[in-house]
Amino acid sequence: MAAPAIPRLTRRRYRIAAGFGIACGLLMFAIWAGSSIPRNADWREVTSGDYVVGLETNGVHTALVLPLVTPLKDWRESFPPARLGASDRPYTHISVSWGEREVFLGTPSWWDLSPRTVLRILTRGGEGLAHVAYYVRPATSDDLRPIKLSEAEYAALVEAIENSFSLVGTPRTHQGYGSSDLFYEVGGEYTAVNTCNQWTSDRLAEAGVRTGWWTPMAGGVMKWIRPPQGETALESVSERQASRPSP
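Heads up, the sequence shown is in full-length UniProt numbering, so the first residue is 1 and it goes up one at a time.
Listed below in structure tokens is the structure:
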């Protein structure tokens with residue numbers, strides 16, 4: 001007896017499912033390939049740089065952790081700690097990142113991110129917002145990887161961050177997740193191509209650091225920086241020298 005013919009509606013569903021699977025596979029391959037092609041392929045981390053920054057992730061989002069005050073930049077001028085709820089702590093670093101407004105302000109956790117918001121970002125994009133958090137002697141880990149930079153590289157990184165933000169006058173702020181962070185109105189268009197992790201990668205690339213060409217996912221940024229050997233406080237050479245007692 002001949003096998004019954006597959007109904008037309010079922011065949012259509014098979015084709016849609018197969019097409020969706022192929023599209024997802026091609027997207028994942030593009031993400032892997034784009035993040036694996038290096039920018040600044042010849043970059044080598046300095047062995048004794050005075051400027052040590054951190055590359056931070058929560059598994060989905062990445063940020064740059066910077067020394068609060070150096071001879072090249074005092075970040076308190078751009079992001080005053082006086083605006084914080086806990087403004088009197090002895091902060092040593094700031095974490096700076098960029099992302100989509102609704103995701104930052106409307107999703108306390110990633111479980112609150114709705115498919116509707118994701119679809120809107122993929123199809124129409126969104127408005128950018130900066131997230132700035134203040135830290136006290138943050139410890140390095142697999143999720144906070146140190147990068148030693150020369151003076152010229154750190155100066156380029158500072159310039160790259162400042163140029164990516166619209167910091168004219170006093171930017172409007174929004175309450176952060178706690179008492180030591182805030183969101184800043186800095187502009188920029190968030191798209192499926194220009195993501196929060198691409199922002200981090202682009203700033204590192206402008207400083208001359210080796211990173212991938214297209215890094216929409218956090219792992220595509222983190223894989224270029226080695227995890228630390230053991231856990232230590234993230235501090236620059238100049239900070240360590242300043243903390244030593246005078247001879």
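For every residue, glycine included, the Cβ atom is placed at its ideal position computed from N, Cα and C.
Per DSSP, the continuous alpha helix (DSSP H) segment holding Leu-105 begins and ends at 101-106.
The DSSP-derived three-state label of Gly-187 is coil. An exposed status is given to Gly-230, since fewer than 16 other beta-carbon atoms sit within 10 Å of its beta-carbon.
Membership of Thr-200 in the alpha helix (DSSP H) is indicated by the continuous run 196-206. Here DSSP, grouped into helix, strand and coil, assigns Ser-150 to coil. Assignment of beta-bridge partners to Pro-138 by DSSP yields no partner. DSSP places Ala-63 inside the beta strand (DSSP E), whose first and last residues are 62-67.
Between Tyr-91 and Tyr-135, the C-beta spacing is below 9 Å. Straight through space, the alpha carbons of Val-52 and Ser-201 are spaced by roughly 17 Å. The three-state secondary structure of Val-52, taken from DSSP, is strand. Taking every protein chain shown into account, the CB of Asn-58 has fewer than 16 other CB atoms within 10 angstroms, so this residue is exposed. Residue state for Ser-97 is assigned as strand, using DSSP reduced to three classes.
Counting along the chain, Thr-173 sits inside the beta strand (DSSP E) bounded by residues 173-175.
Residue pairing by DSSP places Leu-144 opposite Glu-56 and Ser-141 in a beta bridge. In terms of Cβ geometry, Val-186 and Leu-129 form a close pair [threshold 9 Å]. About 7 Å separates the CB atoms of Ser-164 and Trp-199; that is less than 8 Å, so the two are in contact. Judged by DSSP secondary structure, Ala-233 falls outside any alpha helix (DSSP H); it is assigned neither H nor E. Listed as beta-bridge partners of Pro-81 by DSSP are no residues whatsoever. Collapsing the DSSP output to three states places Val-132 in a strand.
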